[in-house]
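Sequential numbering from 1 applies to the sequence shown in UniProt numbering. All residues carry an ideal CB built from backbone N, CA and C; glycine is no exception. Worksheet: the structure to be examined is printed underneath.
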Amino acid sequence: MGAIPGLTGTMAIVLMIPFTFGMDPVNSITTLLAIYCGGIYGGSISAILIRAPGSPASAATVFDGYELAKQGKALKALKMAVNASVVGNFWSVLLLIFIAPQVAHLALKLGPIEIASLIVFSLTIIAYVSGKSLLKGLISAGIGLFACTIGIDPITATPRLAFDIPELERGIALIPMSIGLFAVAEVFNQAEKAYKERSGKVQMTAVLPKPKSPEDSKLTLKEMLGSLRTIFQSACIGSFLGAIPGVGSPIASFMGYGLGKRFSKHPEKYGTGFIEGVAASEAANNGVVGASMIPLLTLGIPGDLPTAILLGAFLLHGLIPGPMLFQEH
């Protein structure tokens, strides 16, 4: 479901919970965690192939993933997304196993000021990676920030800019907005392209070109080794941010992508179909998965929305996350 825009991995977890009632706690939680991991990775498939991220965590993957697909290198981008996702997941799980209590205590020391600073920094990162014009990037970030103010205020519970429209009171969800900005815009671009090429006759043509050579579909060892530093860097960023309650994988994805571009030997290639850009985004958003379980298991505080749902699954099976969980089980 993570690969289908609008149907996120979080929704898959919710739908699967009733089927886990008859399982023992270990198999139940393992199944839900597997869905969580698959949903985060699945978002990269549609982000690369149709420029519509299947999950908010894969929004940054669009920048280079779809550009590679337009060059006939979609399979190469998908292979890099898989490898980077595996490394990011594996790294975050190692942190969960060995240093969960230490990371959780560090994350709890970050108060509202630090979290607000991280959010502001992520907005500047979005502006930095959005293109050659910094001003346009800042304006785009401001428009996105304004869109987030629509709906019920989470603190005062008062409607903001809803104009008595029930649909607007729920706010503007990220996935529908992403589909409108990326997928629908691409449909019009392809229709215009077909119109010009066919002298006014719009015909159904392949959106993505075929590989020009077998090498376009292969992820070489050189490309993988060249992206390892970026993968581990983004995995660490994602793991650290994942351990902070409320940050989530979308911010980690953009921050991993932005810092990957900042410290890359070829920052000018980012956004033009650079395989390292796919690795940076996917390693960061998958690095959140295991790390987001750290505050949940050690302190009983969910790190993001999927882990909040997993908290409910724990309680349904009689498991109370927190410091006593490690002693009782």
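- Task: Please classify isoleucine 244: does DSSP put it in a helix, a strand, or coil?
- Result: coil
- Query: With which residues is isoleucine 4 paired in a DSSP beta bridge?
  - Reply: Leu7
- Is it true that the CB of proline 302 sits closer than 8 Å to the CB of leucine 315? no
- Query: On the three-state DSSP scale, how would you describe arginine 229?
  - Reply: helix
- Message: Quick check: the Cα distance between arginine 51 and glutamate 114, rounded to an integer number of angstroms?
- Response: 33 Å
- Using only alpha-carbon positions, find the residue among Leu75, Met255, Leu228 and Ala47 that is nearest to phenylalanine 240. Met255
- Would you list the residues sitting across from isoleucine 42 in a DSSP beta bridge? A quick correction: the sequence has glycine, not isoleucine, at residue 42. Answer is none; glycine 42 lacks a bridge partner.
- Can you say whether alanine 116 is buried or exposed, counting buried as having 16 or more other CB atoms within 10 angstroms of its CB? exposed
- Could you tell me the distance, in whole angstroms, from the CA atom of glycine 38 to the CA atom of glycine 9? 7 Å
- Just how far apart, CA to CA, sit proline 101 and glycine 260? 28 Å
- Message: According to DSSP, simplified to helix, strand and coil, what is leucine 262?
- Response: This sequence places arginine at residue 262; leucine is not what is there. Reduced to three states, the DSSP call for arginine 262 is helix.
- Rounded C-alpha distance that separates methionine 11 from glycine 248: 16 Å
- Message: Applying the 10 Å Cβ sphere with the 16-neighbour rule, what's the burial state of aspartate 164?
- Response: exposed
- Message: My output table needs one value for glycine 151: the three-state DSSP class, helix, strand or coil.
- Response: strand
- Sequence-distant residues of its chain with Cβ nearer than 8 Å to glutamate 268 (five each side left out): none
- Spatially closest choice to tyrosine 41 from Gly54, Leu49 and Thr30, by CA coordinates: Gly54
- Quick one: residues in its chain with C-beta nearer than 6 Å to the C-beta of alanine 84, no 5 flanking neighbours on either side, listed in chain order? Ile231, Ala279, Glu282 and Ala283
- Message: Rounding to the nearest angstrom, what Cα-Cα distance links glutamine 203 and phenylalanine 188 in this structure?
- Response: At glutamine 203, the pLDDT of 47 sits below 50, so the modelled position is not reliable; the number obtained from the coordinates is stated separately. Rounded to the nearest angstrom, the two C-alpha atoms are 13 Å apart.
- Item | Assigned secondary structure, proline 209 (DSSP; H/G/I helix, E/B strand, else coil) | coil
- Integer-rounded CB distance, given that glycine 72 should sit under 8 Å from proline 211: 4 Å
- Query: Can you pull the DSSP bridge partners for proline 159?
  - Reply: Ile152
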